[in-house]
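**Q**
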């Protein structure tokens, strides 16, 4: 980086710092000059409670804001990347109609968006300003509410959420253990079922063998022997002559 580049960057940083300082100052001449030379005519301003378009309307809003706050805001940090400037500041809300000790310090963030006045001109102007306030910043700016929010609400909510998380974590761990136990029981039941099926098959096979063996033993003990039909014949036997004959039938072998 050359010396001229470093000088240009330093000059740009100083220029942005001076523009922002004059914009938020309560010097109406400086603020009006910034609005005229560094804002587009149709520039827009928006905040959580309102929005408007046009440099004149933006100037009127700054005038009303200055009337409501007797102390100008305090700029704490400025970040500029060549297209956007982010300003961290603290608004000292102290209406002139109230005593000077009645003051609220509200942190806020203002973002200024730049673009070239013409294509490739290298000259930048502001076309949009966005003001944002955080709810936490508003609450912490009120003394009693800030104490209640910081030391009561946030502590209670922290304990409540941590206790809830502990309960949910314990429930999830218990559910995981129950699921693992259920899978173990299911696996054990599956193994027992397979073992019982194997035993049942063995019992069926043994029962069949015993049944067939019983049938064979019963046949050997109780069935009469069978004979072929041609092993026997019937022949009459007669008495001697002169006497009454009477046929008697005998079983004869052969």
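Numbering (our numbering), first residue to last: 379 to 632.
No residue lacks a Cβ here, since even glycine has one placed at the ideal position from N, Cα and C.
Computed from a prediction, not measured in an experiment: that's the story for all the values here.
#1: From which residue to which residue does the alpha helix (DSSP H) around residue 505 run?
#2: For residue 629, count neighbouring C-beta atoms within 10 Å of its own C-beta (all shown protein chains included) and say buried if the count is 16 or more, exposed if not.
#3: In this structure, how does DSSP classify residue 402 when only helix, strand and coil are distinguished?
#4: What first and last residue would you give for the beta strand (DSSP E) that runs through residue 495?
#5: Using a Cβ-Cβ cutoff of less than 7 Å, which residues in the same chain neighbour residue 464 once the five nearest sequence positions on both sides are dropped?
#6: Hey, how far is the Cα of residue 434 from the Cα of residue 390?
#7: Does DSSP put residue 429 in a helix, in a strand, or in coil?
#8: Is residue 504 buried or exposed, if buried means 16 or more other CB atoms sit within 10 Å of its CB?
#9: Rounded to a whole number of angstroms, what is the C-alpha to C-alpha distance between residue 563 and residue 569?
#10: Just how far apart, CA to CA, sit residue 534 and residue 547?
#11: Leaving out the 5 sequence neighbours to the left and right, which residues in its chain are closer than 8 Å to residue 419 when beta-carbon positions are compared?
**A** The relevant details are as follows:
#1: Within the chain shown, the letter at position 127 stands for residue 505. Careful: residue 505 lies outside any alpha helix (DSSP H), inside the beta strand (DSSP E) at 502-511.
#2: As a working note, residue 629 is residue 251 in the chain shown. Low per-residue confidence applies at residue 629: pLDDT is 49, beneath 50, and the placement is therefore not dependable enough to give any value.
#3: Counting from 1 along the chain shown, the entry for residue 402 is found at position 24. Here residue 402 sits in coil by DSSP.
#4: On the chain shown, residue 495 is found 117 positions in, with the first residue counted as 1. Note, residue 495: premise wrong, no beta strand (DSSP E); not H, not E.
#5: If you number the chain shown from 1, residue 464 lands on position 86. Once the five neighbours on either side are set aside, the close Cβ partners of residue 464 are 457, 487, 489.
#6: One-based indexing of the chain shown puts residue 434 at position 56. One-based indexing of the chain shown puts residue 390 at position 12. Each residue's alpha carbon lies about 26 Å from the other.
#7: The residue labelled residue 429 in the question sits at position 51 within the chain shown. Residue state, collapsed to three classes: strand.
#8: Indexing the chain shown from 1 puts residue 504 at position 126. That one is buried.
#9: By one-based count along the chain shown, residue 563 stands at place 185. By one-based count along the chain shown, residue 569 stands at place 191. If you take the alpha carbons of residue 563 and residue 569, they lie about 10 Å apart.
#10: For the purposes of this step, residue 534 is identified with residue 156 of the chain shown, where counting begins at 1. For the purposes of this step, residue 547 is identified with residue 169 of the chain shown, where counting begins at 1. Looking at the two C-alpha atoms, the distance is approximately 20 Å.
#11: Within the chain shown, residue 419 is the residue found at index 41, counting from 1. Correct list, in chain order: 432, 433.
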